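**Student:** Numbering (our numbering), first residue to last: 350 to 611. Virtual Cβ for every residue (Gly too), placed ideally from N, Cα, C. Quick caveat, the model's predicted, so the values are computed rather than measured.
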């Protein structure tokens, strides 16, 4: 793996369901974002759609399969391919960065779920950058912050670390399925609160989002889609500073706020 002269940012992406690729706005936002980033030497993804403890490393082979972990969409969404190079060296580095008292396991047949590959098909459509997915080993924000900190050295080698979730994810409480639907109050309030904490760099408030954020528990009846945000913050050189909120707005009333950290 070559060394990049510039430290690559870490990202938190609101990845959305597969039909988000039909949103011209979202596609254009991700394409511009990718164009502004240094070209990664590899991509490491922690997705809301793979919870597994202890930390688990997925497929490292070229042509890692995709996991079509969704239902009810047109057939074309199940025919998407993304044949990225394998990342066995990155997998070895991830394992080496973990402390001795935290085991790491391998699941070589585990492919990329839609939280990983859907945004990558937009940002890096040529699929010519090695991609590795690791599991979300816990939902505890503090532990995820520490996990991000352990992964931080990879950024100096040009690895793009992506926490992939969704800023609000109250699917059971949505009443309007249209992509352009107005955001429910709980979604807009939670999103506004999150934006304020990110702007202030108040990591402590974010860590306590279950108790402090308005719109709970409707914004996150289960918290796996907010959890990857803490991996991203932990991977920052100075968590709470240098946060650039790149994408905002709503899709189906859900907040697609996304950001990068220096």
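1) Of all the options 600, 582, 601, which has the alpha carbon lying nearest to the alpha carbon of residue 594?
2) Curious, which full-length alpha helix (DSSP H) runs of at least 4 residues does the stretch 447-492 contain?
3) Just checking my contact of residue 487 with residue 384 at CB under 8 Å: how many whole Å lie between their CB atoms?
4) Nearest CA to the CA of residue 443: which residue from 598, 407, 388, 400?
5) Among residues of its own chain, excluding the 5 on either side of residue 598, which ones have a beta-carbon nearer than 7 Å to its beta-carbon?
6) For residue 545, name the three-state secondary structure that DSSP assigns.
7) Please classify residue 430 as buried or exposed, where buried requires at least 16 neighbouring CB atoms within 10 angstroms.
8) Can you tell which of 541, 531, 413 has the C-alpha that lies nearest to the C-alpha of residue 457?
9) If you draw a straight line from the alpha carbon of residue 552 to that of residue 559, how long is it in whole angstroms?
10) With residue 581 as the anchor, note down where its alpha helix (DSSP H) starts and where it stops.
11) Quick one: Cα of residue 610 to Cα of residue 373, how far?
12) Do residue 410 and residue 509 have their C-beta atoms within less than 9 Å of each other?
13) Which whole runs of the beta strand (DSSP E) in the stretch 396-443 are 3 residues long or more, in chain order?
14) Which first and last residues belong to the alpha helix (DSSP H) in which residue 551 is found?
15) Looking at C-alpha atoms only, which residue of 485, 496, 607 is the closest neighbour of residue 397?
16) So, residue 580 versus residue 461, is the Cβ gap smaller than 9 Å?
17) Taking residue 440 as the reference, which of 470, 394, 471 has the closest Cα?
18) Output the distance between the C-alpha atoms of residue 563 and residue 534, rounded to the nearest integer angstrom.
19) Assign residue 377 to buried or exposed, taking buried as 16 or more other Cβ atoms, counted over all protein chains shown, within 10 Å of its Cβ.
20) Let me check understanding here. Comparing Cα to Cα, which of 446, 434, 567 lies closest to residue 389?
21) For the beta strand (DSSP E) that residue 506 lies in, which residues bound it at each end?
22) Need the endpoints of the alpha helix (DSSP H) that residue 379 sits in, please.
23) For residue 590, which residues in the same chain have their Cβ closer than 8 Å to its Cβ, ignoring the five residues on either side in sequence?
24) Rounded to whole angstroms, how far is the Cβ of residue 525 from the Cβ of residue 602, which I believe are closer than 8 Å?
25) Using the three-state DSSP reduction, which class does residue 514 fall into: helix, strand or coil?
26) Start and end of the alpha helix (DSSP H) containing residue 558?
27) Just to confirm my understanding: we take residue 498, look at its own chain, exclude 5 residues before and 5 after, and list those with CB closer than 6 Å. What are they?
**Tutor:** By the coordinates alone:
1) 582
2) 463-472
3) Not quite, the Cβ-Cβ distance comes to about 34 Å (not below 8 Å), so this is no contact.
4) 407
5) 605
6) helix
7) exposed
8) 413
9) 13 Å
10) 577-583
11) 25 Å
12) no
13) 404-406
14) First-last for residue 551: undefined, no H or E at that position.
15) 485
16) no
17) 394
18) 9 Å
19) exposed
20) 434
21) First-last for residue 506: undefined, no H or E at that position.
22) 373-385
23) 550, 611
24) 6 Å
25) strand
26) 558-561
27) 583
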